[in-house]
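Engineer: Our numbering puts the first residue of the first sequence at 2, with every later residue one more than the last.
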Amino acid sequence: MEEKKVRVRFAPSPTGGLHLGGVRTVLYNYLFARQHQGTFIVRIEDTDQTRFVDGAEQYIFDCLEWCGMVPDESPVHGGAFGPYRQSERKADYRQYAEKLVKDGHAYYAFDTPEELEKMRNDFKTAENPSPQYDGHTRMQMKNSLTLEPTEVESLLAAGTRHVIRIKMPSDETISFTDMIHEEVSFESGLVDDKVLLKADGMPTYHLAVVVDDHAMQITHAFRGEEWLSSAPVHILLWKYLFGIEHMPKWAHLPLIMGPGGKLSKRDGAKYGFPVFAMNWTDPKTNELTEGFKERGFLPEAFINLLAVLGWNDGSEQELFSLEELVEKFSLERVHKAGAKFDFEKAKWFNHEWIKKLPVSRYSNTVKSILAADGINITDEVYLNKVLELVKDRCSLLTDFTQQSAYFFRAPETLDEAAVKPKWNEDKADFFSVFIDRLAAIREWEFSEIENQFKLLAAEKNIKPGELQLPMRIMLVGGKFGPAVFEIAAIIGKEETIARIRKALIIFNA
RNA sequence: GCCGCGUUGGUCAAGGGGUUAAGACGCCUCCCUUUCACGGAGGAAUCACGGGUUCGAAUCCCGUACGUGGUACCA
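#1: Nearest-angstrom Cα distance between HIS20 and GLN469?
#2: If you drop the 5 nearest sequence neighbours on each side, which residues of the same chain put their C-beta closer than 7 Å to that of ILE61?
#3: When you compare only the Cα positions, how much space is there between ILE175 and ILE236?
#4: Looking at the unbroken alpha helix (DSSP H) that takes in HIS215, where does it start and where does it end?
#5: In chain order, what residues of the same chain have a beta carbon less than 8 Å from the beta carbon of SER364, not counting five sequence neighbours either side?
#6: Rounded to a whole number of angstroms, what is the C-alpha to C-alpha distance between MET258 and SER331?
#7: Assuming the contact rule is C-beta atoms closer than 8 Å, SER131 and ARG121 should be a hit. Round their C-beta distance to whole Å, please.
#8: Taking Cβ to Cβ, would you say ALA110 is nearer than 8 Å to VAL164?
#9: Determine the direct distance from the alpha carbon of ARG86 to that of GLY17, and round the result to whole angstroms.
#10: Could you tell me whether the stretch 223 to 233 touches the stretch 132 to 152, using the rule of 3 or more Cβ pairs below 8 Å?
#11: Short check: CB of LEU264 to CB of GLY22, under 8 Å?
#12: Are there three or more Cβ pairs, one per stretch, closer than 8 Å when the stretch 216 to 226 is compared with the stretch 282 to 300?
#13: Nearest to GLN50 by alpha carbon, out of TRP424, TRP354 and ALA200?
#14: Please classify MET2 as buried or exposed, where buried requires at least 16 neighbouring CB atoms within 10 angstroms.
#15: For the stretch 357 to 374 and the stretch 395 to 411, state whether three or more C-beta atom pairs, one from each stretch, are separated by less than 8 Å.
#16: Who are the near neighbours of LYS337 in its chain, counting only those whose CB is closer than 8 Å to its CB and skipping five residues on each side?
#17: Let's see if you can read the secondary structure: which residues bound the beta strand (DSSP E) around ASP179?
#18: So the candidates are VAL485, MET475 and VAL309; which of them puts its Cα closest to the Cα of ILE501?
#19: Distance, Cα to Cα, LEU198 vs ARG362?
#20: Use the C-beta contact count for ALA440: other C-beta atoms within 10 angstroms, 16 or more gives buried, fewer gives exposed.
#21: Distance, Cα to Cα, VAL434 vs SER396?
#22: Rounded C-beta distance between GLU417 and ILE507? I'm assuming under 8 Å.
#23: Just the C-alpha distance for GLN133 and LYS100, rounded to the nearest angstrom, thanks.
#24: Which one of ILE167, THR282, PHE454 and ALA347 has the shortest CA to CA distance from VAL234?
#25: Pull up the distance between the alpha-carbon of LEU515 and that of GLU345, whole angstroms please.
#26: Name the one or two DSSP bridge partners that ALA110 has.
#27: How long is the line joining the alpha carbons of PRO204 and SER316, rounded to whole angstroms?
#28: Run through DSSP, which three-state label would HIS235 get?
#29: With PHE350 as the anchor, note down where its alpha helix (DSSP H) starts and where it stops.
#30: With LEU306 and GLY69 assumed to form a contact (beta carbons below 8 Å), what rounded beta-carbon distance in angstroms separates them?
#31: Using DSSP bridges, identify the partner residues of LYS250.
#32: Can you check the stretch 271 to 335 for any alpha helix (DSSP H) of at least 4 residues that lies completely inside it and give the ranges in chain order?
#33: Using the rule of at least 16 other Cβ atoms within 10 Å of the residue's Cβ for burial, across every protein chain shown, is PHE481 buried or exposed?
#34: Specify the secondary structure class of ALA340 as computed by DSSP and reduced to three states.
#35: Using three-state DSSP, classify ALA510 as helix, strand or coil.
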């Protein structure tokens with residue numbers, strides 16, 4: 002077998018947001034291409050004009066860019082095998098469909114939608130709730146197999162609306178080797194006569210994939226497992242049109258499931274977690290669906306968690322960078338079964354990446370997240386210092402809002418319930434004296450603040466531990482954050498004293 | 001209904017004839033820390049079920065059940 006240069010493609014249809022499964026398909030394509038020094042192509046499958054959504058194509062490219070997977074060839078990146086939008090290749094498809102008719106592998110069908118529905122109704126039984134247009138029914142329909150040749154001629158000449166359907170052989174076993182599922186086989190007689198060319202002259206997916214995969218010299222075709230059932234149609238088409246030996250190797254990827262079953266892109270809201278890579282706004286309804294990016298995910302984490310949903314390298318390693326994935330990914334180790342998506346684990350991945358990456362890698366993103374909350378950062382050095390201090394406590398980038406806001410402004414509310422029950426005059430007294438001690442400190446630093454705190458506590462004969470929580474609430478507002486004295490050191494003497502004063506009024510009330 | 005694909009703890013999963021059936025997330029207990037995290041120690045599955053094959057099966061075969069996808073002039 003000759004060594005062909007690897008060429009793979011991701012072929013989305015621009016109908017809406019890009020969901021988890023889609024991104025993972027891109028990812029596996031991308032990894033495979035990079036690993037084999039191959040070419041990664043994005044082809045837009047916009048053959049259904051009724052479902053075309055404005056802006057969806059650009060959105061897909063935006064998502065790929067955010068994930069760091071840049072195509073080598075695509076309608077926007079160019080390439081020698083264009084056009085990369087199927088709508089722009091319309092003229093090509095008809096000739097292949099006609100050739101199939103000529104060779105006896107396909108036929109014209111003139112049935113109207115009403116007639117099709119009538120057939121489905123007439124043949125419907127308890128045993129067969131959804132009759133197909135196939136070997137059992139096609140001879141009772143209105144097509145070039147049942148009509149006289151002259152009649153077909155005149156219908157065609159008159160421009161009658163028609164489609165071209167594949168004529169599935171009656172008794173043939175169609176089998177192929179899938180890179181993930183290994184041997185898969187179907188009985189041709191059980192598969193229906195799929196429409197190849199629609200009445201509007203556009204190809205269906207079935208014709209378009211094989212014609213385009215051939216035209217673009219695709220060597221390996223990865224797609225979701227939902228396509229496995231129609232694989233026999235594609236295989237026959239390859240055989241009839243281009244020769245089975247030129248067919249790309251198929252890999253049908255396991256599906257990603259939601260908590261209750263299949264992952265519906267519809268209402269990610271109902272799960273409480275995103276299903277799209279990035280925010281998507283439906284241009285018609287203006288409805289916004291949240292994305293992983295906006296939810297506070299790092300692209301590194303998003304890619305990582307998707308990669309190991311259905312694949313692992315056999316070791317105990319779970320954290321992989323894109324570069325490592327390129328090196329270690331292998332289709333052989335991709336699972337056969339679908340996987341349920343677990344948002345808790347997804348957050349863990351993000352948490353790990355937040356800890357792992359230098360804060361400079363995401364400080365800008367956090368900066369804009371804080372800005373959305375009214376905190377405008379001017380001092381980058383200060384910001385990075387804060388991020389470094391609190392990043393262990395953040396699973397999502399959006400968590401930085403709560404975890405770092407008090408470094409930039411006094412807390413709006415204090416968790417009084419955590420303090421009041423144990424508040425007494427001794428403590429009130431302690432803090433009012435402590436303010437003076439703080440004011441007297443010359444070297445405003447962590448150890449000195451703590452020193453004064455402990456000294457005074459000893460003088461007043463109060464356990465320091467009982468005073469730390471109130472102090473924390475005064476500075477932070479709640480029961481979280483790094484060491485109190487460290488916080489005090491960072492926010493400064495004036496601010497620390499001001500916050501204690503203000504809190505004292507509240508606690509003493 | 002029919003066809004395809006699948007089935008190891010709540011979830012992701014390693015393991016592919018002989019193992020105390022890895023590990024991770026989550027959960028629970030404890031340690032560290034008089035905050036929250038981080039970190040550390042520990043707890044919980046006999047491998048969907050039923051038959052085979054075999055000295056021996058989570059691992060091979062066959063059924064059943066269940067899940068999932070398809071059954072559109074959608075992809």
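We put the CB at the ideal spot given by N, CA and C, even for glycine.
Structural biologist: So, to answer that:
#1: 47 Å
#2: By the criterion of a C-beta distance shorter than 7 Å, ILE61 is surrounded in its chain by PRO13, PRO15 and LEU19, once the five residues flanking it on both sides are discounted.
#3: Using only the alpha carbons, I get a separation of about 8 Å.
#4: Where HIS215 is concerned, the enclosing alpha helix (DSSP H) starts and stops at 206 to 216.
#5: The residues are GLU381, LEU384, ASN385 and LEU388.
#6: 22 Å
#7: 7 Å
#8: yes
#9: 16 Å
#10: no
#11: yes
#12: With a cut-off of 8 Å, the stretch 282 to 300 and the stretch 216 to 226 do not count as touching, because too few Cβ pairs lie within range.
#13: Of the candidates TRP424, TRP354 and ALA200, the one whose C-alpha sits nearest the C-alpha of GLN50 is ALA200.
#14: Low per-residue confidence applies at MET2: pLDDT is 47, beneath 50, and the placement is therefore not dependable enough to give any value.
#15: Touching, yes, given that three or more Cβ pairs across the two stretches are closer than 8 Å.
#16: ILE181, HIS182 and PRO255
#17: 174 to 179
#18: If we check each option's Cα against that of ILE501, MET475 comes out closest.
#19: Taking the straight line from one Cα to the other gives about 49 Å.
#20: exposed
#21: 39 Å
#22: 7 Å
#23: 24 Å
#24: ILE167
#25: Absent from the structure is residue 515, since the part of the chain shown begins at 2 and ends at 510.
#26: ASN144 and VAL164
#27: 45 Å
#28: helix
#29: 344 to 357
#30: About 14 Å separates the two Cβ atoms, so there is no contact after all.
#31: According to the DSSP secondary-structure assignment, LYS250 is paired through a beta bridge with HIS221.
#32: 293 to 296, 300 to 308 and 323 to 329
#33: By the neighbour-count rule (16 or more Cβ atoms within 10 Å), PHE481 is not buried but exposed.
#34: strand
#35: coil
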